[in-house]
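K.L.:
Numbers 829 to 912, taken from my numbering, label the letters of the sequence shown in order. A virtual CB, placed ideally from N, CA and C, is assigned to each residue, including glycine. Small disclaimer: the values here were computed from a predicted structure and weren't measured.
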Amino acid sequence: MTLEQITKRLAPVMAEWPMGSIVWHRADRRRGVLMGYNIVMHDEVSLRIDYGASGWSNEKLAAMQATCPPDDDDGEQWKESAGV
829 MTLEQITKRL APVMAEWPMG SIVWHRADRR RGVLMGYNIV MHDEVSLRID YGASGWSNEK
889 LAAMQATCPP DDDDGEQWKE SAGV
């Protein structure tokens, strides 16, 4: 993958998910800070999240959101948009 292809692939993700953003995992409601991006299999982008004491994790875009999930969220909705 060339640098141009990488930049083109990351640009929309970086615009929607700026580094340093506070994000929440939809399934378990963990709060973290977006610290970077990964390209997986040459076309899928995942987010590198720092969960503090819980450590780091690479997360699919569909599993994360920019606002805290509501209390009545059972944590399974992200699977529908991720095709799981």
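#1: Go ahead and pull the three-state DSSP assignment for residue 842.
#2: Could you have a look at residue 848 and say whether DSSP puts it in helix, strand or coil?
#3: My output table needs one value for residue 883: the three-state DSSP class, helix, strand or coil.
#4: What is the rounded straight-line gap between the Cα of residue 888 and the Cα of residue 832?
#5: Less than 8 Å separating the beta-carbons of residue 873 and residue 838?
#6: Spatial neighbours of residue 849 within its chain, please: C-beta separation below 8 Å, excluding the five flanking residues on both sides.
P.N.:
The short version:
#1: In the sequence shown, the residue the question calls residue 842 occupies position 14. Reduced to three states, the DSSP call for residue 842 is helix.
#2: In the sequence shown, residue 848 corresponds to position 20, counting from 1. Coil at residue 848, not helix or strand.
#3: Against the sequence shown, residue 883 aligns to sequence position 55. Here residue 883 sits in coil by DSSP.
#4: Walking along the sequence shown from the start, residue 888 turns up at place 60. Walking along the sequence shown from the start, residue 832 turns up at place 4. Going from the Cα of residue 888 to the Cα of residue 832 covers about 23 Å.
#5: Position 45 of the sequence shown, counted from the start, is the residue given in the question as residue 873. Position 10 of the sequence shown, counted from the start, is the residue given in the question as residue 838. The Cβ-Cβ distance between residue 873 and residue 838 falls below 8 Å.
#6: Your numbering for residue 849 matches position 21 in the sequence shown. Excluding positions up to five away in sequence, the list reads 861, 862, 894.
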